[in-house]
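Under UniProt numbering, the letters of the sequence shown match residues 1 to 141, in that order.
Every residue gets a Cβ at the ideal spot worked out from N, C-alpha and C, and that includes glycine.
Quick notes on the structure that follows.
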Amino acid sequence: MVGRKLAAKRIAASKVPIDFVGLDGQQIPLPNASCDTALSTYTLCTIPDPGRALAEVFRVLKPGGTFHFVEHGLAPDAEVVRKQHKYEPLNKRLAGGCHLTREHWALLEAAGFELDRRTAEYGKGPKPYAFHYIGMARKPA
Numbered sequence: 001m002v003g004r005k006l007a008a009k010r011i012a013a014s015k016v017p018i019d020f021v022g023l024d025g026q027q028i029p030l031p032n033a034s035c036d037t038a039l040s041t042y043t044l045c046t047i048p049d050p051g052r053a054l055a056e057v058f059r060v061l062k063p064g065g066t067f068h069f070v071e072h073g074l075a076p077d078a079e080v081v082r083k084q085h086k087y088e089p090l091n092k093r094l095a096g097g098c099h100l101t102r103e104h105w106a107l108l109e110a111a112g113f114e115l116d117r118r119t120a121e122y123g124k125g126p127k128p129y130a131f132h133y134i135g136m137a138r139k140p141a
């Protein structure tokens, strides 16, 4: 909500229409193939059923539409993964349900997306909490 307030002037001045759909993502009240682009930041790591949410994004995107995202997720290093699994139950309670162990590339591909751009890297902070998936996926045309 803070981000929306900060962006209000830019949105009002934008020549491109911007619509926010502030739901849990597992049921998006939009028609099939009605969106050019969707954006998700730290949602799939928190949402109860990311597969269902991605199926909804896929449904509402037009063929060739893009899905841009940044998410917390499963790291590639065995020792970090062990810690992620250990810390995840507490993290879910303290961080709004955020899962540290989701592998987003597999989730996106299972939903039917083609991954056009992908980066997976550690951000700042303790490694179990700082591994990020960043990218753009496309609904096939």
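The C-alpha of Ala130 lies about 9 Å from the C-alpha of Ala75.
DSSP, read as helix, strand or coil, puts Gly51 in helix. Around the C-beta of Pro48, fewer than 16 other C-beta atoms lie within 10 Å, and the residue is accordingly described as exposed. Looking from the CA of Ala111, the closest CA among Pro29, Ala95 and Val60 belongs to Val60.
C-alpha of Ala55 to C-alpha of Pro63: approximately 14 Å in a straight line.
Looking at the DSSP output, Val60 bridges to nothing. Scanning Thr37, Glu103 and Ser40 for the CA closest to the CA of Asp77 turns up Glu103. Annotation for Arg102: no beta strand (DSSP E) segment contains it, and DSSP assigns it neither H nor E.
Leu108 sits away from His68, with the two beta carbons spaced by 8 Å or more.
Just measuring C-alpha positions, the residue of Asp36, Leu94 and Tyr87 sitting nearest Leu100 is Tyr87.
Shown here, Ala33 sits in coil according to DSSP, grouped into three states, outside any helix or strand. A distance below 7 Å between beta-carbons, with the five flanking residues on each side excluded, links Arg117 to the following residues of its chain, in chain order: Gly135 and Met136. Taking C-alpha positions only, Val80 is separated from Val70 by approximately 19 Å. Counting along the chain, Leu115 sits inside the beta strand (DSSP E) bounded by residues Glu114 to Tyr122.
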